[in-house]
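Quick notes on the structure that follows.
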Amino acid sequence: MFKLKFIFIFLLSEIYFSLQTGNALADSSVIKVIEMQGKVSVYKQKRSYTLTKDTILSIGDQIRTGSKSRVVLKLPDSSTVRLGEYAIFIIDSQKTGKQAFRSSFRVKSGAFRFISIGSKNRNIKIKVGKSMALGIRGTDIWGAAARNNKDIICLLDGEINVQINEQKFILNKAGEYLSLPKGQKVTTIQKADTHLLEQWIRDTATIAEVKASHPTAKSNILKDTNR
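Numbering (UniProt numbering), first residue to last: 1 to 227.
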């Protein structure tokens, strides 16, 4: 009897989850999965599901990627978030209006890339690791949390404001990055060369994108295919 009751409750929850997903597919205010590689999970209301392209993400969801996994998310303003392997990405808040989009996310581990699309007014905040807080209004950035005991944020295009505890920085030149060792302070803004940039970007690119990038074309891998 207990087993049957458990199965019944489980089926009800699965049906509810499927209905919620189906209803949201036509909603332009939701976060959608547009590309995947490998094993990716989403934690919703303390339960784990296998992420699929039909999964609709909402506030409070936590996305986790496995070994060699990748996932590309499309935000309501058409911007994209790319996650590399062993990433933990949390959706903290989201508000979509007729003329503006506001949201906040957390990257607890792994590499990510955020790419803004179009000129729509946006106010996006991303917390990287435990201390880095980014204010984004329109740009292309790459970052990583807890990588070799460092949190990293790199500007690829545009401009971002970065706050690390009481420290404040503005990155406005392509290739500028901040590296925060655990338990220390950032001493200076550094500049990444093309080789390092390509290495970082590969961490959020799919296998197909890496193969499509001609080895002699230095900037190919830096281009986002979902623009």
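Note that CB positions come from ideal geometry on N, CA and C, so glycine has one too.
For residue i, count the other beta carbons within 10 Å of its own beta carbon; 16 or more makes it buried, fewer makes it exposed. Which is it?
i: Gly143; result: buried
i: Gln94; result: buried
i: Val210; result: exposed
i: Asp54; result: exposed
i: Lys127; result: buried
i: Ser179; result: buried
i: Asp193; result: exposed
i: Ala208; result: exposed
i: Ala205; result: buried
i: Pro181; result: exposed
i: Ser103; result: buried
i: residue 305; result: Since the first residue shown for the chain is 1 and the last is 227, residue 305 is missing from the structure and cannot be characterised.
i: Arg122; result: buried
Please return the same chain residues whose Cβ sits closer than 6 Å to the Cβ of residue i, not counting the five positions on each side in sequence.
i: Glu35; result: Val72
Write down the C-beta distance between residue i and residue j rounded to the nearest angstrom, noting that I regard them as a contact closer than 8 Å.
i: Leu83; j: Gly66; result: About 11 Å separates the two Cβ atoms, so there is no contact after all.
i: Gln167; j: Lys185; result: 6 Å
i: Ser41; j: Leu51; result: 6 Å
i: Ile59; j: Ile91; result: 6 Å
Pick helix, strand or coil for residue i, following the three-state DSSP scheme.
i: Thr204; result: coil
i: Thr52; result: coil
i: Gln199; result: helix
i: Lys168; result: strand
i: Thr194; result: helix
i: Lys211; result: helix
i: Asn23; result: Because the pLDDT of Asn23 is 40, which lies under 50, any placement of that residue in the model is unreliable, and the number read from its coordinates should be weighed accordingly. In this structure, Asn23 counts as helix in the three-state DSSP scheme.
i: Ser69; result: coil
Near residue i, what residues of its chain come up, given a Cβ to Cβ distance below 8 Å and the 5 sequence neighbours on each side ignored?
i: Gly38; result: Thr65, Gly66, Ser67, Lys68, Ser69, Arg70, Glu85
i: Ile170; result: Glu159, Ile160, Asn161, Val162
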